[in-house]
Every structure is written in structure tokens, then in C-alpha cells.
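Going by this note's numbering, the sequence shown runs without a break in its numbering and finishes at 1042. A virtual CB, placed ideally from N, CA and C, is assigned to each residue, including glycine. What follows is one structure encoded as C-alpha cells, with my remarks underneath.
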Amino acid sequence: MTRNKALFLVAFLLLSTSLFAQQTAVYTNDLVKFNRALELYNNGQFLAAQTIFDDVKDETNDEKITSDCAYYIANAAVRLGQPGADQLMQDFVERYPTSTKRNTAFIDVADYYFENGKYSLARRWYDRVDEKGMSRKEKDRYYFNNGYAYFASKQYDDAAKYLNRVRDSKEYGSQAKYYLGYMAYEGDDYEEANTLFEEVKENDRYSENLSYFQSDMNFKLGNFQKAIDLGLEQLPTADRNEISQLNKIIGESYFNLGQYEKAIPYLKEYKGLRGKWTNTDYYQLGYAYFKQGDNESAIAEFNKIIDGNNAIAQNAYYHLAQAYLNLDQKQQALNAFKNASEMNFDAKIQEDAFLNYAKLGYQIGNSYSSPSKVLIEYLEKYPNSPVKSEMESLLIDSYITSKNYEEAMNLLENNRNFSDKVAYQKVAYLYGLELYNRGDYRNASVNFDKSLTERRDAVITAKATFWKAESDFNLNRMNEALVGYKEFAGMSGAQGTPEMENLDYNIAYSYFKQKEYNRAIDYFNRYAKNSAKDKARRNDAYTRLGDTYFVTSKYWPAMDAYNAAIDMNIGNQDYAAYQKAISYGFVNRNDSKIEDLSSFMNKYPRSSYRDDALYELGNTYVAMENTQKGIETYNRLIRDVPGSAFVPQAMLKQGLIYYNSDQSNKALERFKKVVSDYPNTPESMQAVSTARLIYIDLGRTDEYAAWVKNVDFVEVTDADLDNTTFEAAEKQYLNNNTSAAKTGFEKYLQSFPNGLNSLKSNFYLAQLYFRDDQKDKSVPHYKFVIAKPRGEFSEQALARLSQIYLEKRNYKDALPLLKRLENEADFAQNTIYAQSNLMKSYYELKDFNMAVSYAEKVLATPSIENNVKSDAQVIIARAAFETGNESRAKTAYAEVLKIATGELAAEALYYDAYFKNKAGNFKASNESVQKLAKDYSGYKLYGAKGLVIMAKNFYALKDAYQATYILDNVIKNFKEYPEVVKEAQAELSKIKAMEAKTNASVETN
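This is the structure we're talking about:
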């Protein structure tokens, strides 16, 4: 080796040694820092350790140290909860796939999350662990932790997979069995759960909870006594959350063993889930009370079961109904039986509930459906029922008690299964009576005839005969009416009936209408002398007796009869007094006539006969040649009663007096006044004729011609043809040849629209059209009549035309006619008709003050019928309601209730319930609704409204079941009344919102 080579070698060796020494120093320094960081890490100083590990990782070139630093940096980040910690660990795993710490990383991170209760994060890392290189102890810990993490997340299948691997582990076995037992318990595998719990029950750590689970499991397995024993054992040491549930287990176990008395105290202590009971909870406690005979407590629990629709609910509602029945609360029982009958979970309960529902509806009435319809539905659904014959009998009676006679007739006439002839006679009679009271005399007569086809009951046969005669009387069939009255008089069933009391009166009127006055006299006399009960009819009988004597020219007996009517001091005294005065004239006692007529105006200043009296008084003075007094009396008539039909006659009489006393100019003035004020009347025709004679006498024919030219209603040259055409039509009219009369009057009016007889022709033609129900055709003719000055047809035309408008609800056009009729009517009944319809029209037009004003006028009228009184009281009540005066409405409806029938009675009963509800008198309010359902089931609107009131009453009485059930049925069954349904829906929502606070089974919208 050369010296140079040797020197190079020495130099190289020295350099290599230097480099090695430097590398060793660096490695040693990294290791020191690494170990320092590891020491900090192991002491839990993760942030400080993480910083040093970061430095070492950046400074070292050693792959192993770098990977270990990355591992500890990520682990520290996990423990410090730093953002991105999971990603750091993920980066470590991906960057150093061969690191020996890879599996340890998974376990460490998972264990860390597990120990901190973050089981879902722990599971994510446990699932990545490779268990192949793990020791048995490490595996047991891994299996248990991973299993528990799945258990905590309620992923029981995955939890069981891992926990089952350590169920025999010395360290983890008891815990694993406990959790496996709990999962079996939750999965309703009570036998497996019981086995596992038995294996760990000696472990103090679990024994406290096991008694509760085992009690519950035994209950669910049907081992009720064991459940009770375990529950009672656990109860003294149970925590607050378990006490409620243990009471439920013990109480329900006693319940299932039929030991209801023992069950009650425990069932009562149950607090519910999240503070709420379910329908089943209420059922069990209610049934336990029911079995102990404590009906009130049973009802208090059962009636909290709302919206129930399962076998338990059906059973509950059935027993609720029984409890109500035991306390004689029949309306409540009806609702509960109805509800149970609508469910088909238990067919036997359903049938028995339906039977009881049908029977109760018959007994107390049914607002949901007519009792008769329910009975039919029962018979159709259970045709082989052992109580079939009993239910068929109830069905017939139900129609009668509910007054639903129309449906009864439909059943009896159209269903072959019901051929009860006794019932048919009775129902047909009652239906006829109902129609008669409605004023439908034709159909009433038809039904009375039907009743008389089955003469089974003597009293009903007699009554049907009488009311058939009454119907004929009102249809103007007087011969048939008389036959019926006389047949009735000879019937055994007629004796002692109310109808017999007025029989002579009715027969007398029938003869009177037929102008058989001598026969009428006999019967009016007999009735007036023998009847003391009905004073109003007796008074009328004396008056009509006077009229009958009067028309047969028996004036002294007539005056005696009129005196008897006046002495009774009841009503119509003015008419009797007037007729008596007139009678004096026919027996040549004009002085007495004048005396009575003169005093008439003082005694009866508001009489509708005051114009008649003045006119007759004037005529009497003229007849006694005291023309000055006559003229003065006529003037008084014209001044005091300007609207009277006698005014044109009085003026005509004055003109004739002046004419006969050669006061031609005064006579002409009167005649011209008649013509100008009352054109186209018989008086105006006579005035023109007489004026013509005066002008001729005075030689002033040109003046007459000029005057008469302007009188356009006079067609003097056609007078004969006019009269001939009219008389031909009138003859057909008087002979009741309707069709020919119509043709004749139509022909007359085409030829003589303003003829001498146009007024009569228009009136007669209007009457014919009205009679044949061609009312629209009658209107222009009635209008023609009422447009003329007041005359003999004005009153009737006003009444008929207003009736036509009222039937069409055309109140605006009816009002002026009714006002005229009120002021112009000579007959009291037309005044009452006008006032009663004015009150109704004003009400319909929402002029409530005027409606009340006229109602008060009607009520102030003496001797009005009850139906008119009730109409007036109803108008007052309705108007008071509309104006917010409920106090007056209440008083008025109370008056209606005393006298009304039919729909008005239903309305009054509803408001009776309404006001009692407002006053907090809920039970009495319900009684009114029940009466409404029983007596007036045909009036569905008030039935529906009454049910809403009843629901409010029941809720106020703390019976939520009744309230909600009733409202549900209103909503389902009365859709034709949307306003009522809307109110029911609002009330139901309010109640359910309240009940949902304590009952988990209640669903709210």
C-alpha cells in the first residue's frame, strides 16, 4: 500500500467514525424526547405529550419512531376531543399499515369512547379490531364492551352476538347475562329472561332491579300470583319511577285473578306513562268498581274512555251502560248501549247492547234516530231473536208515543209483517188528528176514513167519526158533516168524550151554513141552555141563535138571544148590540132602534161595526123623515170612518135627500163627489143616473154631456149587454159550475174591462182561481179589487192576496196589504190574521221592534186561540234573542211552552234546555232535552241542537264520555244542519284537547 493510499484510508475511517457518532447522537436525542413525551402521555398530560410527539415526528428520520409519534398524536387528540381527531387516527392507520400499533389503535380509541359513554363512536372503532392476535382476556373485554355498546344503542341482535361470547366469562359473565336477560325481557321472551335473571339474582349489583323485572315477566306470562308476590316484595324499596309501574302490575294481577277489591287500591296508585292513563287503565279500574257494586265510581272511570274502538272499549261501554241503568240514568245508558252496539268485537255484547238501546229509546225517546226505526233495525238484524214478539209490540207503540204517525202508517200499510188492525185503527186516527190540527183537512179526512175501516175500539171509532165530520165541515161539505155528527151521537164510544160536549153546537152550525135555520135554532137553543163549561162557545151560540132568528124574521126572539150574549160580557158584545138595535127597526120600534144605535158609539167607540151603526142610524132618521138628522149622521160617518164601505152609500143617500127636497145643486155636488171618489162602483153608477135626471130637470143637458164625457168607466150604450154577460157568468158561479163560471167571467172582462160589473167579475174570478190552487192567476184580479175604493169585496181580497204573498215568503209585498186589512177589516178574525202575519213578516224582514209591537197587539186581543198566542210569544222570544235580550226571550219561551204544540213546542223545549244550561242547572237541562227527544222526535233540527246542549251539560257534570259520544253522533248523523255540526265540532275539539292532557288514548286533531 502506498503512503498516499494509507493516508486516504485513515482519513476515510476518521470521517466514517465521525458520521456514525453524529447519527447515534441524533437517534439518542430523539429517543429521549420520545420517551419524555410517552411519560407525559402515560400521566394523562396529553396536550404536552402531543406537542413533543409533534417535534419528534418532525425531527426524526426513523420510520418506527415516526409511526409511533403519529399513533400517540392521534390518540391524544381523541382524548382531548380535538376537532379532526378521528381523521388523525384514520391517517395513521392508512399511512402506517404495517405498524404494530394499528390494532392497538383501534382498541384504545374504542375503549376510550366506551369509558366515556360514547357508545356509537366506540362501536365504530370496535368493528375495525382484528381479534386474531388478541389474548383471551383482551378478547373478553373486547366482546363485552362491544356487546354493551350495541346494547346501549338498542341494537339487541348485535349486542347478543357479542355478549353471548362472554356469558360464561368469570369477569364479564354476570353482566352479560343480566343484559342478555334484559334484552330477552324487552323482546317478550320471558322464559329466557327469567332463566338468565335467576342465574345472576344472587349478585347484589343486580338483585334490586331483578324483582321488578321478574314481577313484570310473571305478570306477562300469566303467573299473576307470583307477579303479585314479587311486586309486593319490591314495592317498599323501589325507586319513584318503579313504584307506579309496580302498583299497576300488582293491581292488574289482582284484576286478572278476579280479586277486584284488592286490585282497586293498587290500580288507583298507578300514575300512567308520562303522567297519562290509557283507555285500558280506566277500563280496569272502572270494571273493578263495577264488580264491587260501586256504580258511581265505575261511571267516573268508564266515562273517561274516549274514542275507544276495540274489544276493551266495547266491554267498557256495555258495563258503563249497566252502571248508568243501576243508577236510573237512562239517557246516559242509552248512549253507552248505542256505542257498544256499534262495535262487533263481541257479538253477544253487541246484540244485548242493541236490545237495550232499542228498548231505552222506546222508553225515553231518541234524538239520534226515531225509536221506531231503531226497533225495525233490531228486528231486521236479529230476525230470530227470542224477544221478537215483544219488540214488534214495542215498535207499534213507539210510533204512537213519539207521535210519529206518518211513519207508523207507512209501516202498517206497506210491510206485510205488521198487520195489527187494532194499531192501524189507532194510528190512522191519531195521524188524521195531527193533520187536522195542521189545517190539512182533506188528508185528515182520508186518514179518519182509514181508521173507520177497522172498527176495533169503540171510543176511537166514535172519535174518528166526529173528527171526520169536523174535517168535512171545514171543507164546506155540510151534508157529510151532519151525517157524521149524528152518527157520532148514537155511538156507545162517544159517551163521556170531550167531543160530545160541543156536539149540539157543531150540528147547529152545520144547519146554519146550509140555511136550514129552523133546525139550527133547535140546536143552538139546546147548546146555549145546557152548556156551562165552554163560556166562549156558549156566548157564540147565543149570538148565532140571534142571527138565525133574525134571518127568519123572528126579531123578538132574536133580541132575547142577543141580550143573553150581551149579558155574558165575554166578547162580540158590540155585534150583538148592533144586531139587537137593527132588530127594533123590523118590529116598528124605530125610537128604540135610534136610542140603541145612538148609545152604541159611546159604548163601543172602537168597534168594527161603528160605521154600520152610523149608516143604519142615518137611514132610520131618513125613514122617520128627520132628514136633517139623517144628513148629520151621514156626515159623521164620512168624517169619523172615512175608509168605510158605507161612505159612498151615505154620500149617495145625501144626494138623493137633496134631490128629493129640490136642492139640485147640493145634490149634484154629492153625486159628483161619489163619482170622482168612488168610480166604477154601483154607487157611482146610480149617482151618474140620478145626476142625469137633475140636469134634464134643470135643462142643462149640455152641461151633463160635458161632465159625463170625462167619466170613462160608464159605457151607457153597452149597459144591457154588460149586465147580460155578467149575469150569465154569475149564474154558473152560484150553481158551483167552476169551469163554466171561469170562462164566463174571463169573457166578460175581455169585453168590459171597466164595465158595470167589472169589480164583481174580478173578485169572483180571483176566488175561482184561488179555490182551484191557481193562485198566480188570481193575483191580478185581487189587485184590481183592492185598487178600487173600499167595498164589500175589499176585505176578503186583501186577506187572500196577502195569503198568496205570505206563502211565497214575499213579505215586502204582503206588508202594505196586511196593514190595510188591519185598519179596514170588519171581522175580528181578519184583524187578528193581519196582526199575526204582520208580526211574522216584520220578523222575517229583521225589523224586530215592529215584530214585537205586533206580537204584543196580538196578545192583547181577548179570546184568541192558543196557537196564535204561542206564535206571538215565539216572535217575541226570537226577536229578543236577535237583539240580545235573553231575559225577555226566556220569559216568552216559558209562555210558549205552556200552550204550544208541534214544532213550536219543540223550539220552546230546546230553549228551556238552553237557558237551564246557561244557569248551570245541567241535570234539569238534560231532562228538557230528553222530553224533546221523546215527545217531538219528528223535529230533527231541534233534536240535533238539543243534543249539543246535552253534551255541554254532561261535560259540565264531568262525564267526558257522554259529551264526546253525543257530539260525535251529531257530527255523523245531522249533516243536513251544517251550523249545528259546526258547533258540535268546535265543542268536541275543545273537550278532546282538555281530556288529552290526562288520557294518552285521546287523539286530537
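Under a Cβ-count criterion, where at least 16 other Cβ atoms within 10 Å of its own Cβ denotes burial, should residue i be classed as buried or exposed?
i: Ala353; result: buried
i: Val725; result: buried
i: Ser721; result: buried
i: Asp809; result: exposed
i: Gln787; result: exposed
i: Trp504; result: buried
i: Asn372; result: buried
i: Gly330; result: exposed
i: Ser104; result: buried
i: Arg1059; result: As displayed, the chain neither begins before 38 nor continues past 1042, which places residue 1059 out of reach and without an answer.
i: Asp164; result: exposed
i: Trp593; result: exposed
i: Thr868; result: buried
i: Asn886; result: exposed
i: Ala950; result: buried
i: Asn1036; result: buried
Could you check whether residue j and residue i sit closer than 7 Å to each other, using their CB atoms as the reference points?
i: Ser795; j: Phe782; result: no
i: Leu978; j: Leu946; result: no
i: Tyr615; j: Tyr646; result: yes
i: Ser488; j: Ala501; result: yes
i: Asp633; j: Ala613; result: no
i: Thr585; j: Ile544; result: no
i: Thr317; j: Ile349; result: yes
i: Phe959; j: Leu984; result: no
i: Ala300; j: Gly288; result: yes
i: Ala27; j: Val895; result: Any answer about residue 27 is impossible in this case: the structure gives the chain only from 38 up to 1042.
i: Phe261; j: Ser290; result: yes
i: Tyr78; j: Tyr108; result: no
i: Met876; j: Ala892; result: yes
i: Gln351; j: Phe382; result: yes
i: Lys1027; j: Val1039; result: no
i: Val966; j: Met987; result: yes
i: Gln691; j: Tyr715; result: no
i: Tyr436; j: Glu471; result: no
Specify the secondary structure class of residue i as computed by DSSP and reduced to three states.
i: Lys566; result: helix
i: Lys313; result: strand
i: Asn697; result: helix
i: Asn1036; result: strand
i: Asp164; result: coil
i: Thr664; result: helix
i: Asp494; result: coil
i: Val900; result: Looking at the sequence itself, residue 900 is Ser, so the reference to Val does not match. Reduced to three states, the DSSP call for Ser900 is coil.
i: Met380; result: coil
i: Ser713; result: helix
i: Asn656; result: helix
i: Pro685; result: helix
i: Val822; result: helix
i: Tyr209; result: coil
i: Asn80; result: coil
i: Lys308; result: coil
i: Pro26; result: This structure leaves residue 26 out entirely; the chain is present only between 38 and 1042.
i: Ile343; result: coil
Is residue i near the ligand SAH, with its Cβ less than 6 Å from a heavy atom?
i: Ala660; result: This structure does not include the ligand SAH; it has no bound ligands of any sort.
What whole-angstrom Cβ distance do residue i and residue j have, given they're in contact under 8 Å?
i: Arg915; j: Tyr880; result: 6 Å
i: Val130; j: Arg139; result: 6 Å
i: Tyr998; j: Leu357; result: 7 Å
i: Ala526; j: Leu540; result: 6 Å
Next item on the list: Go through the region 517-599 residue by residue and report every complete run of the alpha helix (DSSP H) that reaches 4 residues or more, in order.
Entry: 535-538, 540-550, 554-567, 572-588
Check: Unbroken alpha helix (DSSP H) runs of length 4 or more, entirely within the region 598-647: which are they?
Finding: 610-623, 627-640
Margin query: Give the list of continuous alpha helix (DSSP H) stretches no shorter than 4 residues that lie fully inside the region 937-1020.
Written below: 939-955, 959-972, 977-993, 997-1010
Item checked: Uninterrupted alpha helix (DSSP H) stretches inside the region 392-433 (no shorter than 4 residues) -> 408-418
Next item on the list: Can you check the region 98-156 for any alpha helix (DSSP H) of at least 4 residues that lies completely inside it and give the ranges in chain order?
Entry: 100-117, 122-132, 139-152
Check: If you scan the region 828-913 from start to end, which runs of the alpha helix (DSSP H) of 4 or more residues do you find wholly inside it?
Finding: Those alpha helix (DSSP H) runs which fall completely within the region 828-913 and span 4+ residues are 831-844, 848-861, 865-881, 885-897.
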